[in-house]
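Notes follow the structure.
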Ligand code: AMP
Ligand code: MN
Ligand code: MN
Ligand code: MN
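Numbering (this note's numbering), first residue to last: 297 to 598.
Next up, the structure:
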């Protein structure tokens, strides 16, 4: 892309015309691009405001912020916190967080400790199932401080245990499968405490992806609002078009702001691209409507 595109991105673009992607991953968690490569790709894709939201880690934010300044786009410091709610795992994205907020970092460090223990346990369970070296294989594929099921999936797929990463999840890494370890993540209250304490806004990630009844989903959103949650990821790269519309309705019912994010993990998955998102359905209030960003994408203190 030539230099002509540069004048059309980032803070040179009037707020109404900005393209937002508020959910993405880098090598700091289970993505496959470095934070700088991710930002570069986002700029090329025409994204004006990108949130880096690695799982339980903000280790990529500094590099992404510097890269965004070079590319002239806005980088929103974020994180995707793993939460255990009842017996389920729910992901809560924190946007515009102050990554130096001590309780947030202490909390995320605890989640990473749990991840490490879980990874060892997954390795033991897979070994009992006849698959040796899975823990070591996952560790070798993790480039940051967290070990994800994605790293196990890549090891298992590359070693012929299933045809694709998706198939590995289905056969080995989902509930009731041999490599699955039930989550013991932060509570919803803790996650919202960390995010709100860090001056951020909490958003329930890919809400249509959770296997739960409609009444359960309403209960989750009720508690989320009660605890100070701000938004719902109405538009997600992992939603169908229909999901986006039903989540828009849900956001309206619960008076939640609407967010939009691709959940991009890397170019290997051709179905998801940075910034390639449906516009928010009518009647939603975009979470970014209340934002004031400075030239580097940091929120201006009000
Ligand atoms: P973890 O947080 O370590 O339990 O891993 C969750 C991650 O695994 C998600 O963020 C996705 O990146 C990935 N994942 C979950 N389910 C699937 C699936 N069915 N196919 C591919 N990737 C998946
Ligand atoms: Mn992931
Ligand atoms: Mn997620
Ligand atoms: Mn994600």
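We put the beta carbon where it would ideally sit given N, CA and C, even for glycine.
Non-local C-beta neighbours of residue 425 in its own chain, meaning closer than 6 Å and more than five positions away in sequence, comprise 474, ordered along the chain.
The region 502-527 contains, as complete alpha helix (DSSP H) runs of 4+ residues, the segments 510-522 (chain order).
Excluding the 5 residues flanking it on each side, residue 470 has same chain C-beta neighbours closer than 7 Å at 476, in chain order.
In its chain, beyond the 5 residues on either side, 377, 378, 379, 380, 403, 406, 407, 490 have a beta carbon closer than 8 Å to the beta carbon of residue 482. By the Cβ test, the region 350-366 is in contact with the region 311-331, since at least three Cβ pairs between them sit closer than 8 Å. Our two residues, residue 555 and residue 546, have alpha carbons roughly 13 Å apart in a direct line. Distance from the C-beta of residue 340 to the nearest heavy atom of ligand 2 is not below 7 Å. Beta bridge pairing from DSSP links residue 381 with 384. The three-state reading of DSSP puts residue 566 in coil, since its state is none of H, G, I, E or B.
Rounded to the nearest whole angstrom, the CA to CA distance from residue 582 to residue 451 is 39 Å.
Take the alpha-carbon of residue 528 and the one of residue 313: they are about 21 Å apart.
The criterion of a C-beta distance shorter than 8 Å is not satisfied by residue 347 and residue 329.
The Cβ atoms of residue 550 and residue 573 lie no closer than 8 Å to each other. Distances from the CA of residue 479 to each of 584, 419, 414, 394 were compared; the closest alpha carbon is that of 414. For residue 403, the enclosing alpha helix (DSSP H) has its first and last residue at 398-424. The secondary-structure analysis by DSSP pairs residue 317 across a beta bridge with 346. Ranking 563, 553, 504, 412 by CA distance to the CA of residue 578 puts 553 first. Bridge pairing for residue 373: 348 [DSSP]. Contact between residue 526 and residue 499 holds, since their C-beta atoms are separated by about 6 Å, short of 8 Å. Of all alpha-carbon atoms in 419, 442, 440, the one lying nearest the alpha-carbon of residue 433 is that of 419. Taking 7 Å as the cut-off, the C-beta of residue 502 counts as close to a heavy atom of ligand 3. A straight line joining the alpha-carbon of residue 409 with that of residue 442 spans about 9 Å. Beta-bridge partners assigned by DSSP to residue 500: 388, 528. Comparing alpha-carbon positions, the option among 311, 401, 395, 316 lying closest to residue 533 turns out to be 316.
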